[in-house]
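Novice:
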Amino acid sequence: MATIVEYSVNKVDKKTLELKKVKRWRVRYRTKDGRSASKGSFETKTAAEAWERKQSQAKADGTATLPSDLKLPLGPFIEAHVARTIRLSPSTIANRRAIAKTWVFHDWSEKKLGTITRADVNTWIERITVENAKPSTVQKAHGILLASLQRAVDSGAIAVNPAAGATLPRIEGREHRYLTHEQVLELANAIDPRSKTLIGVLAYCGLRFGELSALRVERVDLGTRRLRITRSVTSVNGRMEEGPPKFGKVRTVHYPEMFDAMIREQIEGKAQSELVFSAPRGGLVRLDDWRPRTFADAKAKINAARLEAAELVGFSFEPFPDITPHDLRHTAVSLSVSAGANIKALQVMLGHSSASMTLDVYADLFSEDEENVAKALNAQATKRVGTGAWETASSLELSR
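Right, dumping it as structure tokens:
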């Protein structure tokens, strides 16, 4: 129990250089670990009592801190967070370490926990933004700081997280680009024949490129036309690292019947442990090699053919959409929506953590749903109760 005691101190009056007695108030209390401590000096008893009530309440609700904890540096908490690797892909681990090293450690490692304020966090965010950190990088750096400080909160070193509720720059998302069925086939016919099936799987099954690269024969079920997605690969500092799919979502993806023969040919003669898709010289298909060569060559070939055809008939040249390999994943969603797929089916196909995430990412594909629902309800209602069931009061009056 805290108690307030009165005591006096000497104070030097600079004008008269006379010693005067000044009354002060001190609060004696026990810390959350049971040790005796005191806090002073308060100019009034009211101020001392207010501080005492605040400390008592903090002990009661479990938010009390030790003065020694408030002097701890944040560095070890950052290191502990960055060292966490459970359920994280190799690329995520490498990316987080790089961002922590570049943007977080230098500014925060030596900061004492008890001195960090929300204003400090917002000032830091503004500064690294000015220093040309991309909005996505700023958000990731803040995420590292937020999680590190939360570790300090969870340990009882500080009561609240000063990084919570910080003002972050908005990420301007790149507009999705979708291909039509005809454009997908145009791309597949223009690409190196060894990658034709690969294009089809990306554009109709929605796999991430790393998931496709890691796909092995044993994960292909020809009878049910299913691909079992359990692994993914990515390039980390020039090395290909294999790990679980993003979000740890192991899933099954169905492929269309039209790919039966191509999939069979793709795995014919291969052992169960071999890769379904491999580089020309064997091994994993690397996106950083396949995209600037095979994929870019196919687009260039299409545009050359389109230009030649346009010149022959005197029409203006319409280039092929400037897509990336990842846009084929978006295309799979677009084509699936047009075929009637619902949100839950898309979430499973894509391996998203939730259906709401799928809807957030592809909200543009469902922009007409509200109108279509209204039309469908109107058609169903009029079929059941007739077209004149919802006439206005004035119309009813006239009909009488």
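Residue numbering for the sequence shown follows the working numbering, beginning at 1375 and increasing consecutively.
Virtual Cβ for every residue (Gly too), placed ideally from N, Cα, C.
Source: prediction; values computed, not measured.
#1: Only counting the same chain, and skipping five residues up and downstream in sequence, which positions put a Cβ closer than 7 Å to that of residue 1644?
#2: Quick check: the Cα distance between residue 1770 and residue 1740, rounded to an integer number of angstroms?
#3: Who are the near neighbours of residue 1491 in its chain, counting only those whose CB is closer than 8 Å to its CB and skipping five residues on each side?
#4: CB-CB under 8 Å to residue 1459, same chain, minus the five flanking residues each way: which ones, in chain order?
#5: May I have the straight-line CA-CA distance separating residue 1453 from residue 1521, to the nearest angstrom?
#6: Taking buried to mean at least 16 other C-beta atoms within 10 Å of its own C-beta, is residue 1493 buried or exposed?
#7: Is there contact between the stretch 1684 to 1703 and the stretch 1548 to 1565, where contact requires at least three CB pairs shorter than 8 Å?
#8: Is it the case that the stretch 1469 to 1487 contacts the stretch 1613 to 1630, given that we only count it when at least three CB pairs across the two stretches are under 8 Å?
#9: Within its chain, find whatever has a CB closer than 6 Å to the CB of residue 1602; leave out the 5 residues flanking it on each side and keep chain order.
#10: Counting beta carbon pairs with one atom in the stretch 1751 to 1762 and one in the stretch 1610 to 1627, are three or more of them shorter than 8 Å?
#11: Have a look at 1515, 1680, 1481 and 1506 and flag the residue whose alpha-carbon is nearest the alpha-carbon of residue 1540.
#12: Cutting at 7 Å between CB atoms, please list the residues of its own chain near residue 1391, excluding the five before and the five after it.
#13: What residues match up with residue 1601 in a beta bridge as DSSP calls it?
#14: Where residue 1418 and residue 1441 are concerned, what is the direct C-alpha to C-alpha distance, given to the nearest angstrom?
#15: Just mark residue 1707 as buried or exposed, buried being the case when its beta carbon has 16 or more other beta carbons within 10 Å.
#16: Tell me whether the beta-carbon of residue 1659 lies closer than 8 Å to the beta-carbon of residue 1669.
#17: Would you check if there are 3 or more beta carbon pairs closer than 8 Å linking the stretch 1566 to 1583 to the stretch 1679 to 1694?
#18: For residue 1728, which residues in the same chain have their Cβ closer than 8 Å to its Cβ, ignoring the five residues on either side in sequence?
#19: Within 10 Å of its beta-carbon, does residue 1661 have 16 or more other beta-carbons around it, so buried, or fewer, so exposed?
#20: In this structure, what does DSSP give as the bridge partners for residue 1608?
#21: Are the C-beta of residue 1413 and some C-beta of chain E separated by less than 8 Å?
#22: Quick check on the DSSP output: the alpha helix (DSSP H) that includes residue 1510 runs from which residue to which?
Specialist: Checking against the coordinates, here is how it stands:
#1: 1591
#2: Here the model assigns residue 1770 a pLDDT of 49, short of 50, so the residue's position is not dependable, and the following value carries that caveat. For residue 1770 and residue 1740, the distance between alpha carbons rounds to 38 Å.
#3: 1536
#4: 1467
#5: 11 Å
#6: exposed
#7: yes
#8: no
#9: 1593 and 1626
#10: no
#11: 1515
#12: Unreliable placement is indicated for residue 1391, whose pLDDT of 47 sits below 50; the coordinate value is still reported in the next sentence. Nothing listed; no residue qualifies.
#13: 1594 and 1627
#14: 23 Å
#15: buried
#16: no
#17: no
#18: 1721
#19: buried
#20: 1615
#21: In the structure shown, chain E cannot be found, because there is only a single protein chain.
#22: 1509 to 1528
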